[in-house]
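The block underneath contains the structure these notes are about, expressed in structure tokens.
Dropping the structure here:
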């Protein structure tokens, strides 16, 4: 029997209490950052116009954990796909955390998105710092075709998928050549490391920004997506370009956005999320959905003219 004044393991308990807030701040996967998902509504809350002939896709980033929150985001994606019928998914990197065995690919990608894969929804991956390039560029469901960076086009939208881990002169030259020769109405780039962010764990990659922004502005890139910071940010346009950060489709870094930063229009750092995007003519529509099913951001963006860039 233990008495009230018995001092068993007291120093250890105090130590644990002192260090728990630090652990929660720096390690995103601990209990305490979990927001219990609400029961899904009977019908998805669709904010997109779903126009005939439009280009529709979903966006995820930092997703590849194989844990319950990733599965819950994937379940919401399936619910919304049943109405939106998006054709493909763009991935902002960190597609697989930890090991990269065949079983890891199964648990962290194939099983969570099985219903979408069975419906022939294509996934187009970019490489993050936790990814294994040699395995992932040749993993057929990621649609990378053996390349660390590549481009693909859907009707009037061309996507430029970059490897922001190693922005070599060869990649920059390739990017300029592809942007210069593009006749697409919408030019969209996505890659892992953010050029602009209010998140504080990593912050923006200034060197990458200095390399890419001159090309983006010169050749009329319209929108940019990134991940790496485990939050969601809809940022104010930078030099006329629309910016989003979707980096919490699996991982979450709780309360990671600086309140003093004024770059964000909308932000989320308390739950996981994914995005839906639709392009029709000169209009881009977007909707960001938490794993609870709640819409946390939506809107309409207009194709920039030359004098807006």
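Residue numbers (UniProt numbering): 1 to 309.
Ideal Cβ positions, reconstructed from N, Cα and C, are used throughout, including at glycine.
Q) If you draw a straight line from the alpha carbon of residue 265 to that of residue 236, how long is it in whole angstroms? A) 6 Å
Q) How do the region 47-60 and the region 89-107 stand: do at least 3 beta-carbon pairs fall below 8 Å, yes or no? A) yes
**Q.** Option nearest residue 129 by Cα separation, candidates 154, 145, 141 and 167
**A.** 167
Q: Note down the Cα distance separating residue 287 from residue 296, rounded to an integer number of angstroms.
A: 8 Å
Q | Closest residue to residue 228 among 97, 110, 142 and 152 (Cα-Cα distance) | A | 97
Q. Roughly how many angstroms lie between the CA atoms of residue 301 and residue 186, to the nearest whole one?
A. 12 Å
Q) Can you list, in chain order, the residues of its chain whose CB lies under 8 Å from that of residue 19, leaving out five sequence neighbours each side? A) With a pLDDT of 46 at residue 19, under the threshold of 50, the modelled position of that residue is not reliable, and the figure given next carries that caveat. Hits under 8 Å: none found.
Q: Could you give the DSSP three-state label for residue 151: helix, strand or coil?
A: strand
Q | 8 Å contact criterion, which residue 199 and residue 256 should meet: CB distance rounded | A | 5 Å
Q. Taking the alpha-carbon positions, what's the residue 208 to residue 195 distance?
A. 7 Å
Q: Leaving out five residues on either side along the sequence, give the residues of the same chain with a beta carbon under 8 Å from the beta carbon of residue 70.
A: 63, 64, 108, 112, 249, 250 and 272
Q.
When you compare the CB positions of residue 189 and residue 162, do they come within less than 8 Å of one another, or not?
A. yes
Q. Under 8 Å between the Cβ atoms of residue 230 and residue 244?
A. no
(Q) If we require 3 or more residues per run, which beta strand (DSSP E) segments fall completely within the region 67-136? (A) 88-91 and 122-125
(Q) Suppose the cutoff is 6 Å on Cβ atoms and the five residues either side in sequence are ignored; what does the same chain contact list for residue 223 look like? (A) 188 and 242
Q: Starting from residue 275, follow the beta strand (DSSP E) in both directions and report where the run begins and ends.
A: 273-280
Q.
With H, G and I counted as helix, E and B as strand and the rest as coil, what does DSSP make of residue 177?
A. helix
Q: On a CA-only basis, which of 160, 258 and 149 is nearest residue 133? Give me that one, please.
A: 149
Q: Excluding the 5 residues preceding and the 5 following residue 84 in the sequence, name in chain order all residues of the same chain whose CB lies nearer than 7 Å to its CB.
A: 46, 48, 50, 56 and 276
Q: Pull up the DSSP beta-bridge partners for residue 325, would you.
A: In this structure the chain extends from 1 to 309, so residue 325 is not present and cannot be described.
Q: Drop a sphere of 10 angstroms on the beta-carbon of residue 147, count the other beta-carbons inside from all chains shown, and report buried for 16 or more, exposed for fewer.
A: exposed
Q: Measure from the alpha carbon of residue 173 to the alpha carbon of each residue in 205, 206 and 211, then state which is nearest.
A: 211
Q) Quick one, are the C-beta atoms of residue 280 and residue 54 less than 8 Å apart? A) yes
Q) So is residue 239 buried or exposed if we call it buried at 16+ other beta carbons inside 10 Å? A) exposed
Q: Can you say whether residue 305 is buried or exposed, counting buried as having 16 or more other CB atoms within 10 angstroms of its CB?
A: exposed
Q.
Tell me the rounded alpha-carbon separation between residue 101 and residue 135.
A. 9 Å
Q. Does the Cβ-Cβ distance between residue 121 and residue 86 come in under 8 Å?
A. yes
Q. Residue 213 bridges to which residues according to DSSP?
A. The partner list for residue 213 (beta bridge, DSSP) is empty, contrary to what the question assumes.
Q. First and last residue of the beta strand (DSSP E) that includes residue 233?
A. 232-238
Q: Please classify residue 200: does DSSP put it in a helix, a strand, or coil?
A: coil
Q) How many angstroms separate the CA atom of residue 123 from the CA atom of residue 110? A) 11 Å
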